[in-house]
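To keep things clear, I will list the structure first and then write my remarks on it.
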Amino acid sequence: MSIIKTLFRWQKGRQQSGYEKMLLAGATWPVKFDLYLLRFPEGCEVPPHRDAVQSGKHFRLNIVLKKAKEGGDFICQSPIYCSSRIKFFRPDLCGHSVSKVVSGNRYLLSLGWIRKD
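If you read the sequence shown in the working numbering, its first letter stands for residue 34, the second for the next number, and so on.
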């Protein structure tokens, strides 16, 4: 799918769990990266998973813009850095998930990149 057709449009997330993503920026050169706005509506949750890459090291920095009133907690086996608003981790190595959003909506800015080996 063309990047122009997906830019600034809400799409369903990969895990088919109810979250939505909006591509804000991306490139394949000189560093492959993507920048998304993610929306987790009430009732959605993301099951534990890893985001495999064909080569290189995958990094992701999530910045929580708006917390859900209840639920919607990020769970990661071994983050590089984790605070209430900042989550920095290796999604290719660390299993991660989001608990069920019980009340309200959760929004975050998600920047991911792949560093070549």
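For every residue, glycine included, the Cβ atom is placed at its ideal position computed from N, Cα and C.
Got a sec? Which residues, its chain only, sit under 8 Å from residue i by beta carbon, not counting five neighbours each side?
| i | result |
| --- | --- |
| leucine 56 | Ile36, Thr39, Leu40, Phe41, Arg42, Gln44, Asp67, Leu68, Tyr69 |
| aspartate 106 | Val131, Ser132 |
| isoleucine 108 | Pro81, His129, Ser130, Val131, Ser132 |
Ignore the nearest five residues each way along the sequence and tell me which others in residue i's own chain have a CB closer than 6 Å to its CB.
| i | result |
| --- | --- |
| glycine 13 | For the chain, the structure presents residues 34 to 150; residue 13 sits outside this window and is missing. |
| phenylalanine 121 | Leu94, Ile113, Tyr114 |
From which residue to which residue does the beta strand (DSSP E) around residue i run?
| i | result |
| --- | --- |
| serine 50 | Here serine 50 belongs to no beta strand (DSSP E), and DSSP marks it neither H nor E. |
| phenylalanine 92 | 90-99 |
| leucine 144 | 139-148 |
| phenylalanine 107 | 107-109 |
Less than 9 Å between the C-beta atoms of residue i and residue j, yes or no?
| i | j | result |
| --- | --- | --- |
| glutamine 110 | valine 79 | no |
| lysine 102 | isoleucine 147 | no |
| tyrosine 140 | arginine 72 | yes |
| glutamate 53 | valine 134 | no |
| glycine 104 | serine 136 | yes |
| glycine 145 | phenylalanine 92 | yes |
Whose C-beta lies closer than 7 Å to the C-beta of residue i among residues of the same chain, with five residues either side of it excluded?
| i | result |
| --- | --- |
| alanine 85 | Asp125 |
| arginine 118 | Ile96, Val97 |
Within the segment 55-82, ranges of the beta strand (DSSP E) (whole runs, at least 3 residues): Runs of the beta strand (DSSP E) inside the segment 55-82: 65-73, 79-82.
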